[in-house]
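First the structure, in the form of structure tokens, and then the observations on it.
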Amino acid sequence: MTTAELHQKDKELIWHPFAPLISPFEYIPLASAKGMYLYTTDGEKIIDTVSSWWVNIHGHSDERLAKALYDQALKMEHAIFAGFTHEPAVRLAENLMTVLPDSFSKVFFSDNGSTAIEVALKMAFQYWHNLGEKKKTKVIAIDGAYHGDTFGAMSVGERGGFTAPFFPFLFDVDFIDFPTQDNIEEVMQRFEALVSDEQCSTFIFEPLVQGAGGMRMYSPAILDQLIEIAQRHGVICIADEVMTGFGRTGKNLATDHVTHKPDLICLSKGITGGTMPLGITACNQKIEEAFLSDSYAKALLHGHSYTGNPLACAVANASFEIFTSQVCRDNIARVTGKHKSFAEKLKENPNVENVRTQGTIVAFDLKGFGETSYESEARKKIYPYFLEKGILIRPLGNVIYLMPPYIISDEELDIVYQELLNFLNQLHQK
Ligand SMILES: *Cc1c(COP(=O)(O)O)cnc(C)c1O
């Protein structure tokens with residue numbers, strides 16, 4: 024197909040995510056992707072500084088992942104996971120147990136981040152049901168949260184433009200304010216009051232970084248305190264590590280930065296290095312025990328056609344091997360260090376505020392662009408501006424962030440940093 028045909032047929036037939044059907048942008052046809060770069064059908068290359076929606080941690084089209092996928096595809100592409108098991112799934116569970124907290128004992132497979140959240144919510148709610156606690160129905164989340172686009176996940180997320188058509192169908196959730204150094208006492212007081220309610224069942228959060236909500240960051244000390252208070256009152260804690268898992272925050276998991284461990288952890292995005300869709304909901308022994316029974320009444324009666332898909336598991340195992348290698352560790356530490364120095368430079372820039380970093384993520388707010396909404400002016404200007412320069416940067420409202428694959432080189436980082444500074448300086452001159 025020619026580029027023109029691709030454009031035409033895409034416009035005719037395809038409904039793209041998170042966008043009006045009449046798009047303000049042309050969708051760019053891609054021909055391939057390798058390492059740090061996406062290659063268009065016109066032969067342009069674009070550096071992927073957002074890891075293709077935060078999933079790609081080892082670079083595109085990695086040969087080791089491709090080989091794992093191919094080998095598994097020839098052996099067994101998929102098999103029903105009810106009544107059967109297989110080595111790719113068991114090995115993945117074993118691998119994950121080495122990075123999950125010591126108290127963790129079981130993993131459940133699904134297909135993406137949203138379904139991992141649905142499963143976690145169902146496990147938390149049924150935990151209380153199985154214990155005969157029928158009154159435990161209240162849920163707490165953090166203002167600005169994003170947990171996915173299915174109904175349970177939307178319910179525990181920020182109420183805003185993305186979910187407005189569905190408000191009547193979302194279950195009630197108590198939102199605490201996003202914790203900062205300034206409001207921390209009020210937030211903790213309100214949180215303590217909410218978790219002390221005998222109806223309170225579950226607290227769900229994005230540990231340390233709210234991703235889609237604008238790369239908002241809070242300290243491990245605050246997170247530790249929230250989990251401690253919730254668990255003191257028996258409330259089940261769900262850590263949504265869909266974005267933060269697999270090294271994003273500098274450690275294996277964001278919850279590795281705190282001493283109080285959640286009861287449930289959701290993983291997805293980075294798990295297969297961005298090669299196959301896969302979601303994981305992992306739980307600790309406390310949750311497991313409430314389900315340990317041979318009765319269907321106490322079983323989690325949930326599953327998906329592709330549960331435990333061998334291709335996804337095989338790629339996840341190959342990705343895990345790369346992730347736990349010294350080379351990858353060194354890359355994560357290197358990118359973290361580079362971001363920190365860049366953040367110091369950014370802090371001197373008059374067009375920038377709230378410069379923040381957490382591991383391999385660096386983010387800042389653009390001053391003077393006002394609203395932080397998804398379709399803000401900032402986004403309309405910045406996205407095409409950088410694409411023109413061969414850099415994929417997708418601002419979240421007036422928030423600009425970088426979340427690159429860990430293989431990005433120092434030289435590539437320096438080029439992207441410099442282009443960001445050029446952009447900011449050109450703003451300053453106006
Ligand atoms: C992306 C994301 C999700 C949803 O994952 P999908 O695979 O897009 O359904 C959930 N939680 C967080 C924190 C995310 O960043």
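Note that the numbering used here has the sequence shown beginning at 24, numbered continuously upward.
Note that beta-carbon positions come from the ideal geometry of N, C-alpha and C, so glycine has one too.
| Reduced DSSP secondary structure (H/G/I, E/B, other) of residue 133 | strand
| query | Would you say residue 229 touches ligand 1, meaning its beta carbon is less than 6 Å from a heavy atom? | reply | yes
| said: Buried or exposed for residue 45, going by 16 or more other Cβ atoms inside 10 Å? | reply: exposed
| query | Should residue 445 be labelled buried (16 or more other beta-carbon atoms within 10 Å of its own) or exposed? | reply | exposed
| message | What does the Cβ neighbour count give for residue 387, buried or exposed, with the cut at 16 atoms within 10 Å? | response | buried
| said: Please state whether the Cβ-Cβ distance between residue 330 and residue 359 is less than 7 Å. | reply: no
| Sorted by chain position, which residues of the same chain lie with C-beta nearer than 6 Å to residue 376's C-beta, five sequence neighbours on each side aside? | 388 and 390
| For residue 263, which residues from the same chain have a beta carbon less than 7 Å from its beta carbon, with the 5 sequence-adjacent residues on both sides left out? | 140, 170, 227, 228, 229 and 289
| query | Span of the alpha helix (DSSP H) holding residue 358? | reply | 349-370
| request: Kindly list the residues whose CB is nearer than 7 Å to the CB of residue 251, restricted to its own chain and excluding five residues on each side of it in sequence; keep chain order. | output: 283
| request: For residue 204, name the three-state secondary structure that DSSP assigns. | output: coil
| message | Given this structure, state the Cα-to-Cα distance separating residue 38 from residue 78, to the nearest angstrom. | response | 21 Å
| query | Near residue 167, what residues of its chain come up, given a Cβ to Cβ distance below 8 Å and the 5 sequence neighbours on each side ignored? | reply | 181, 201, 233, 236, 237 and 239
| For residue 131 and residue 142, believed in contact at Cβ under 8 Å, the rounded distance | 5 Å
| query | How would you label residue 350, buried or exposed, when you count the other beta carbons within 10 angstroms and need 16 or more for buried? | reply | exposed
| request: Please report how far the alpha carbon of residue 435 lies from the alpha carbon of residue 357, in whole angstroms. | output: 13 Å
| query | In three-state DSSP terms, what is residue 303? | reply | strand
| field | Same chain, Cβ closer than 6 Å to residue 345, neighbours up to 5 away in sequence not counted | value | 81 and 351
| task | Report back the beta-carbon spacing between residue 145 and residue 325 to the nearest angstrom; my notes put them in contact at under 8 Å. | result | 6 Å
| query | Where DSSP assigns a beta bridge to residue 386, which residues make up the other side? | reply | 379 and 424
| field | Cross-strand partners of residue 177 (DSSP beta bridge) | value | According to DSSP, which records beta bridges pairwise, residue 177 is partnered with nothing at all.
| message | Give me the residue from 253, 348 and 301 with the minimum Cα distance to residue 266. | response | 301
| message | Is residue 166 a contact residue of ligand 1, with contact defined as CB to any heavy atom under 6 Å? | response | no
| query | Taking buried to mean at least 16 other C-beta atoms within 10 Å of its own C-beta, is residue 99 buried or exposed? | reply | exposed
| field | Same chain, Cβ closer than 8 Å to residue 197, neighbours up to 5 away in sequence not counted | value | 161, 162, 163, 164 and 217
| request: Find the nearest neighbour of residue 448 within the set 261, 373 and 362, judged by alpha-carbon distance. | output: 373
| request: With a 10 Å radius around its C-beta and 16 neighbouring C-beta atoms as the bar for buried, classify residue 71 as buried or exposed. | output: buried
| task | Please list, in chain order, all residues of the same chain as residue 154 whose beta carbon is under 7 Å from its beta carbon, the five residues on each side excluded. | result | 313
| Neighbourhood of residue 123 by C-beta, 7 Å cutoff - its chain only, sequence neighbours within 5 removed | 288 and 305
| request: Confirm the yes/no value for this check: CB of residue 135, any heavy atom of ligand 1, distance under 6 Å. | output: yes
| query | Is residue 170 near ligand 1, going by C-beta to nearest heavy atom under 6 Å? | reply | yes
| task | Return the CA-CA distance between residue 84 and residue 365, expressed in angstroms with no decimal places. | result | 28 Å
| Cβ neighbour criterion (16 or more within 10 Å) applied to residue 175 | buried
| Endpoints, alpha helix (DSSP H) assigned at residue 342 | 333-346
| query | In whole angstroms, what separates the C-alpha of residue 206 from that of residue 178? | reply | 25 Å
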